[in-house]
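Just below is one structure, and these are the notes that go with it.
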Amino acid sequence: MIHVKWDREILHFPVPPPETKLGKLRTDLAEYTHLPLGSFKLIHAGAVMKDDSAPLTAYKIRENSTIALIGGHSLPSASTPVPPARPQPKVKEPPTEQSTITAIRSELDRVRTTLVPDVDALIDALTPSTATTASSPTTPTQSFSSTAQAPHFPPHPTPTSSDHTRLSELLLQSLLRLDAMHLAGSDWPEARAERKAAVREVQGVLDRLDGAWSAR
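Going by the numbering used here, 86 is the number at position 86 of the sequence shown; the sequence numbering is gapless.
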């Protein structure tokens, strides 16, 4: 089976034949979810799958692979009134390698400061005994995971599926933003290496989160 994470649901499908094109899988998912065909993206192993003419083997889809379905908002109908024209915004300067590297680092710093602490707290709450053993008596993790040694701190509340879904979706959105950052060809090797490392780190956080949730 392959697993498709869609919003708060996880869908399960038989593994398609190896020669199946990505476009066929995308069409099947659109029919199953009743979503417009062009309204969602498919992500596997931290990368957006874009080439509908490529076979699934090109994306290493195999037994127990997990695919994230992101988006799925209804497309505007033809009868939707057209909003009045607004003044044209200033044309943005084309990105440079340095500005792209800055954007990549900014996105990674945002994940480290706002999402990683929440992921660590959720994992600690799922495995309190491990957190108590591994932490020193003076660390904040010890205080939250063991009320016996630090009774003035309340214990972690039990994480819910909503907590897991929220963090998972935020990490997937970060992977999408990193994927969308423009790299002007092979003459930007430093930016390409920065983005690759950032994607690997964010995907690692997502894998830790999903692994802890599955093992609970």
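Note that the Cβ used here is the ideal one computed from N, Cα and C, for glycine as well.
Could you check what DSSP says for H34 in three-state terms: helix, strand or coil?
In the sequence shown, the residue the question calls residue 34 occupies position 34. Three-state result, H34: coil.
With 16 as the cutoff for other CB atoms within 10 Å, does I10 come out buried or exposed?
Position 10 of the sequence shown, counted from the start, is the residue given in the question as residue 10. With fewer than 16 Cβ atoms within 10 Å of its Cβ, I10 is classed as exposed.
Residue range of the unbroken beta strand (DSSP E) whose run includes K5:
In the sequence shown, residue 5 corresponds to position 5, counting from 1. Unbroken beta strand (DSSP E) run through K5: I2 to W6.
Can you tell me whether DSSP reads K60 as helix, strand or coil?
Within the sequence shown, residue 60 is the residue found at index 60, counting from 1. In the displayed model, K60 falls within coil according to three-state DSSP, outside both helix and strand.
Name the residue from P16, P14 and H34 whose alpha carbon lies nearest to the alpha carbon of W6.
Mapped onto the sequence shown, residue 6 falls at position 6. Comparing Cα-Cα distances from W6 to each of P16, P14 and H34, the minimum goes to H34.
Is there contact between the stretch 17-37 and the stretch 161-169, where contact requires at least three CB pairs shorter than 8 Å?
Below 8 Å, too few C-beta pairs join the stretch 17-37 and the stretch 161-169 to call them touching: fewer than three.
Residue range of the unbroken beta strand (DSSP E) whose run includes L209
As a first step, residue 209 must be located in the sequence shown, where it is residue number 209. Element bounds for L209: not the beta strand (DSSP E) but the alpha helix (DSSP H), P189 to S214.
Under 8 Å between the Cβ atoms of L25 and L69?
Within the sequence shown, numbered from 1, the residue matching residue 25 stands at position 25. Within the sequence shown, numbered from 1, the residue matching residue 69 stands at position 69. Not in contact: L25 and L69 (Cβ atoms no closer than 8 Å).
Inspect the beta-carbon positions of L176 and V202 and report whether they are closer than 8 Å.
Position 176 of the sequence shown, counted from the first residue, corresponds to residue 176. Position 202 of the sequence shown, counted from the first residue, corresponds to residue 202. No, Cβ-Cβ distance for L176 and V202 is not below 8 Å.
Just verifying my parser: in three-state terms, what is the DSSP assignment at T113?
Here residue 113 refers to the residue found at position 113 of the sequence shown. In this structure, T113 counts as helix in the three-state DSSP scheme.
Do L178 and R200 count as a contact pair if the criterion is CB distance below 8 Å?
For the purposes of this step, residue 200 is taken as the residue at position 200 of the sequence shown. For the purposes of this step, residue 178 is taken as the residue at position 178 of the sequence shown. Not in contact: R200 and L178 (Cβ atoms no closer than 8 Å).
Report the rounded CA-to-CA distance for S143 versus V48, giving the unit in angstroms.
Your numbering for residue 143 matches position 143 in the sequence shown. Your numbering for residue 48 matches position 48 in the sequence shown. Bear in mind that the predicted position of S143 carries a pLDDT of just 41, short of 50, making it unreliable; the figure below should be weighed with that in mind. Those two C-alpha atoms are separated by around 40 Å.
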